[in-house]
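Inspection log for the structure reproduced underneath, given as structure tokens.
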Amino acid sequence: MARARLKLTVLPAQKAELEQRFKAANNVRQRQRLQAILLATTGRHGYRDIAQIVGCAPSTFALWLNKYLAGGVEELLRRDTPPGSSSPIGAPAVQEALVAGLKSGRWRTAGQVAAWLQEEHGIKRAAKSLYRWLGKAGGALRVPRPAHVLQNPLARAAFRAELEERLKRLALPKDRPVKIWVADESRFGLHTHRRRCWTLRGQRVVIAQQQRYEWEYVYGALEGLTGQAQFRFMPSVGLDFSRDFLGQIAARDPFAEPVVIGDQAGFHPRAEDKHLPQRVHLLPLPPLQPRTQSYRGAMGPSAGHHVQSTSHQLGHFGGIADPGAAPILGNAGQSLIPHSPLASR
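Every letter in the sequence shown is one number past the one before it in numbering that gives the first Met the number 0, and letter 30, counting from 1, is 29.
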């Protein structure tokens, strides 16, 4: 015997409201209930068929249908308050203050948030219990970027605002193209690592070891308009090494005027240095502003390329600045040139 079909008779305005609310629903709970009632208005399905289509039990669909008949769409979608008391942290005022504090950087640890909740809202919670609330507020654990304690944010903003005027004041010839480079250096190397060891809980693990370090430096520069990159491995840092790398940048394009932006480290030449390579113009960053340069991540792949290269491969690069140096990372605009003592290792 065929199953009895259900036909729910509604006014055209009521069906239009059901269809409109179904299209605008943004969660599965609402869409599931609205779809079930809409299927009931077609007269093509029975209780069990509709329940199977929307993915619920027939008894559950019967409850939804009774709710709709009793109070319409609003009663159908109304969510009953669960038993038990709600957390005071979920209060709108607390949530707004929590989001604002995360956005402004007021707190950096869950312990600081716990102290704030207790002092300003009288809510005492353990730090670990706040991880869920921090996640719901859009928070995430991120690795912090270091900044000098004496860094002046106003000086950094002023440098960016005045950069165009400072470029105009440079003695740049009008018949040559100008390329703006941002340069810095970074240290890479190997040191002893301690791995985790198995032991009993509560027992301290002590192992003998000797700390040993080996490192080299990578000078790097990025050209902001074309995306070209220059890298050079050096055994150390110093004025001579810095001038040598500036010469490599200048040799990249003999017909251009390179403007190099860099920090004021003691081993960096100054703009008035008489031994600067020809055509090189320097623009120093404000003091203690390492975060102004956001390209140090580009040096990591270069260092990895060097560490993985053999002595034979390094010999192919040569030890002098050459515009036709071997490309790295598949980009012809990036050149890797090791210092000559390194190429002979």
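For glycine and all other residues, C-beta sits at the position ideal for the given N, C-alpha and C.
Looking only at C-alpha atoms, which of Ala96, Ala249, Leu153 and Thr8 sits nearest to alanine 136? Ala96
Work out the CA separation of proline 143 and tryptophan 115 for me, nearest whole Å. 21 Å
Cα separation between leucine 166 and methionine 233? 30 Å
Go ahead and label lysine 6 buried or exposed: buried means 16 or more other beta carbons lie within 10 angstroms of its beta carbon, across all protein chains shown. exposed
Quick one: what's lysine 178 bridged to in DSSP? Pro257
Mind checking whether leucine 281 and glycine 261 have CB atoms under 8 Å apart? yes
Simplified DSSP assignment, three categories, for glycine 318: Residue confidence for glycine 318 is low, a pLDDT of 37 falling below 50, so the modelled location carries little weight and cannot support an answer.
Decide if the stretch 30–40 is in contact with the stretch 58–78; the criterion is three or more beta carbon pairs, one per stretch, under 8 Å apart. yes
Through-space distance from glycine 110 to isoleucine 122, alpha-carbon basis: 13 Å
Taking Cβ positions, are leucine 171 and glutamate 256 nearer each other than 8 Å? yes
Under 8 Å between the Cβ atoms of glutamate 215 and phenylalanine 187? yes
Given a threshold of 16 other Cβ atoms within 10 Å of its Cβ, counted over all protein chains shown, does tyrosine 67 qualify as buried or as exposed? buried
According to the neighbour-count rule (16 or more other Cβ atoms, all chains shown, within 10 Å of its Cβ), is tyrosine 218 buried or exposed? buried
Which parts of the stretch 93–167 are runs of the alpha helix (DSSP H), unbroken and 4 residues or longer, counting only runs that do not cross its ends? 109–120 and 130–135
For glutamate 222, collect the residues of the same chain with a Cβ closer than 6 Å to its Cβ; drop the 5 residues on either side in sequence, then sort them by chain order. Lys178 and Trp180
Which of the three DSSP states is assigned to proline 285 in this structure? coil
What are the partner residues of aspartate 183, as DSSP defines its beta bridges? Gly219
Out of curiosity, what's the CA-to-CA distance linking cysteine 196 and histidine 120? 44 Å
What's the gap between the Cα of valine 205 and the Cα of proline 268? 47 Å
Give the range of the alpha helix (DSSP H) segment to which glutamine 202 is assigned. No alpha helix (DSSP H) contains glutamine 202, which DSSP labels as neither H nor E.
Helix, strand or coil for glutamate 271, going by three-state DSSP, please let me know. coil
Alpha helix (DSSP H) segment containing aspartate 262, residue limits: Unbroken run through aspartate 262: none, as it is neither H nor E.
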